[in-house]
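From first to last, the protein sequence lines are chains A and B. Quick note: the first sequence uses our numbering, first residue 169, plus one each step. Quick note: the second sequence uses our numbering, first residue 169, plus one each step. Written out below as structure tokens is the structure these notes cover.
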Amino acid sequence: MIRRISDLIFSLLCLLAVIIGLGFLFAIIYALVERGLPAFWTYPVFTESVPPPNEPGGLLNAIVGSLIITGLGMAMAIPFGVLIATYMTEFGAESRLSSAIRFFNDVLLSAPSILLGLFVYAFLVGPLGGYSALSGAVALALIAIPMIVRTTDGVLQLLPREIREAAVALGVPRWKVTVLIVWRAALGGIITAILLATARIAGETAPLLFTAFSNNFLSFDLTEPMGNLPVVMFNFALSPYQNWQDLAWAASLLITVTILAMSIIARLIVGRRM
Amino acid sequence: MTDAPIEEIGPSHKTAFNHKGPRLGDPIFAGISRIFGLALIGMLFAILVVLVHAAWPSIEQFGFAFIPSTTWNPVTNEFGAWPAIVGTLVSSCVAMLFAIPISFGIAVFITEIAPPSIGSALGRLIELMAGIPSIIFGMWGLLVFAPFLARHVQPPIIEAFAGVPLLGTIFGPPPIGIGVFTAGIILAIMTIPLITAVMRDVILSVPTVMREAAYGIGCTRFEVVRLVLVPAGRIGLVGAVILGLGRALGETMAVTFVIGNAHNISASLFMPGTTISATIANEFTEATGTLYPAALMELGIILFVITIIVLALSRLMLRATTL
């Protein structure tokens, strides 16, 4: 009897944990929708740049800036990440360099993102003479690279050895085996890695605070500070002005929906392949 | 007659894999990818060297006294790391106090209690939650959760513990919503998906035979969890917690909004405090002179060292869990 009751209590406590966890999730999603959605009708979110306090305006420059900085960061990170993972599985498999890279990649993966911001500040922002979109993109790339390496490494290791051996037996050079067979077979996994890394850096704020900084005007100049959604959210959410707070909620809804969509697509790709 | 087709598919036949002359492709491709790999290792050392170089004025000025010093005064150029270190550790520990039981409960529910279809759906939902950027948690914490705590949660707690020797101090006034306690809860909410996902994998890695044997001799679910799953996966479960702790220690945006950013060490968890990452995020763009930014860089190095130790620990434990 006591065993039955304690089992029941335990199961109920587990259920309670689920309810608490999901409760927080829904509370956050609810707040995002409730406070963020109306802003899309009351403010020209997609057509105007960020306004001064208590004046109408939108998020255009921040959206464009986020797209540019994230895109540029990924453009730097993808070749880096895929090539490093390729080295570890295709060329340096089981070498000491390979396991060293794997170890240091994990250290980089776990480095707090704000430290990468500090590093890029000291390394690039000072020498380049000020905040710039370019240094923001480099900081984001440093976050994306270890993620891409980790996931791609896993995908490449799962590929059967035989498909490589079959091609090598035909006299195909290793690099062609890699490009035409290994990469093609792992394409779904690599795209998943890229999507997940993009989703992660799209919402990163800390490394942008002192690299890309912010800019209230639409800018395409990579050597100048550039507005971006996360920093706008940071600045506006802490402000006392109603229109700034509304726009911060709109920005967070926009970014959350984008990120969730990307991770769902990434999971669908993985699911279909399995 | 029979020669012709052989000639056709011989070396002159154009296929994607055809090659002529010396094979330069392989060494070039291998060389380039190797250089990228070396660059990754170089990058980590570059980060350390650059941070130490940038922090040098502060390291030179304060020496080891930087760590135990509690003064943080940009006006007089006196900097000490202690309040930020304590705030980082305390807020993360509060986070773990909340996150451990909830994550464990969810992980057990997903793997042992719920029917498989509901379990895997819940698992996916939790994984999605892990993708929400930390600034969203911070914003929600400041604008929605903190006012709620200040109005409905903190006053009754303060009242309940008033006059009790130790707890009365820890849960002392004021009920202002933002502070170390709130930061801890927001960190807990943020790390729950991560800890849950790892705990679920650890529980799933316990061989089915073991739990079937336990159910077979009439154990209840609670007994299977307590007597089979937890002992078998204990190292992995602890590894999951330490992984979450490592994430919480380095987290910036979720904390910066709600901790209050005061360089104080208070006995009350409801009082504002600060963490290393929150201090850097808040003050770095406004730090002028040479000593102030250098002190912030040195804080960054301390954080780096703390997180590396914690995460190395968790990886060691998670590696040992493969049964």
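C-beta atoms are modelled at their ideal positions from N, C-alpha and C, and glycine is treated no differently. Treat the numbers as computed from the prediction; the structure is a model and nothing was measured.
Judged by DSSP in its simplified three-state form, N432/B adopts coil rather than helix or strand. Take the alpha-carbon of T376/B and the one of V473/B: they are about 39 Å apart. Taking 7 Å as the threshold, the shortest C-beta distance from T210/A to chain B does not fall below it. With respect to L417/B, S260/B sits close: the two C-beta atoms are nearer than 7 Å. With a threshold of 7 Å between beta carbons, I246/A makes no contact with chain B.
In the three-state DSSP reduction, N384/A falls in the coil class, being neither helix nor strand. Contact note: S174/A reaches chain B through T388, F390, E391, using a C-beta cutoff of 9 Å and chain order. Look at N450/B here: in three-state DSSP terms it is helix. The criterion of a C-beta distance shorter than 7 Å is satisfied by T350/B and V426/B. A straight-line Cα-Cα distance of about 21 Å links V438/A and A245/A. Using a Cβ-Cβ cut-off of 7 Å, R342/A counts as an interface residue toward chain B, since at least one Cβ of chain B sits closer than that to its own. Sequence-distant Cβ neighbours of L363/A in its own chain, meaning closer than 8 Å and more than five residues away, are M430, S431, I433, A434, I437. Contact between the segment 249-264 of chain A and the segment 318-329 of chain A is present, with at least three C-beta pairs closer than 8 Å. In the structure shown, F378/A falls within a coil segment according to DSSP collapsed to helix, strand and coil.
Annotated as distal: A328/B and G345/B, with beta-carbon spacing of 7 Å or more.
As summarised for the segment 194-225 of chain A, there are no continuous beta strand (DSSP E) elements at least 3 residues long confined to that stretch. For F339/B, the secondary structure class from DSSP, reduced to helix, strand or coil, is coil. L317/B is outside the set of residues whose beta carbon lies under 7 Å from a beta carbon in chain A. The alpha helix (DSSP H) runs lying completely inside the segment 276-327 of chain B and spanning 4 residues or more are 284-299, 302-308, given in chain order. Among the CB atoms of chain B, none fall inside 7 Å of the CB of I437/A.
Comparing alpha carbon positions, the residue from I331/A, S407/A, N384/A, R332/A closest to G225/A is N384/A. Identification of residues in the segment 253-273 of chain A having a C-beta nearer than 8 Å to some C-beta of chain B yields T254, Y255, M256, E258, F259, G260, L265, S266, A268, I269, F272, N273, given in sequence order.
Beta-bridge partners of W412/A (DSSP): none assigned. For T443/B, the number of other beta carbons within 10 angstroms of its own is at least 16, and it is reported as buried.
Boundaries cannot be given for S373/B, as no alpha helix (DSSP H) includes it and DSSP labels it neither H nor E. Identification of residues in the segment 183-199 of chain A having a C-beta nearer than 8 Å to some C-beta of chain B yields L183, L184, A185, V186, I188, G189, L190, F192, L193, A195, I196, A199, given in sequence order. For F247/B, DSSP records a beta bridge to W240/B.
Within the model, the alpha-carbon separation for A222/B versus V218/A is close to 34 Å.
Counting along the chain, no alpha helix (DSSP H) covers E392/A, and no H or E run does either. In the three-state scheme derived from DSSP, where H, G and I count as helix and E and B as strand, A354/A is classed as coil.
If you ignore the 5 residues before and after S303/A, its C-beta comes within less than 8 Å of the C-beta of V288, Y289, L292, V293, L296, T379, A380, all in its own chain and listed in chain order. Nothing from the segment 319-330 of chain A brings a Cβ to less than 7 Å from some Cβ of chain B.
Taking the beta carbon of L377/A as reference, the chain B residues within 8 Å of it are A449, F452, T453, listed in sequence order. With contacts defined by Cβ atoms closer than 7 Å, W343/A and G193/B form a contacting pair. For V306/A, the enclosing alpha helix (DSSP H) starts and ends at 301-326. According to the DSSP assignment, F272/A belongs to the alpha helix (DSSP H) that extends over 264-278.
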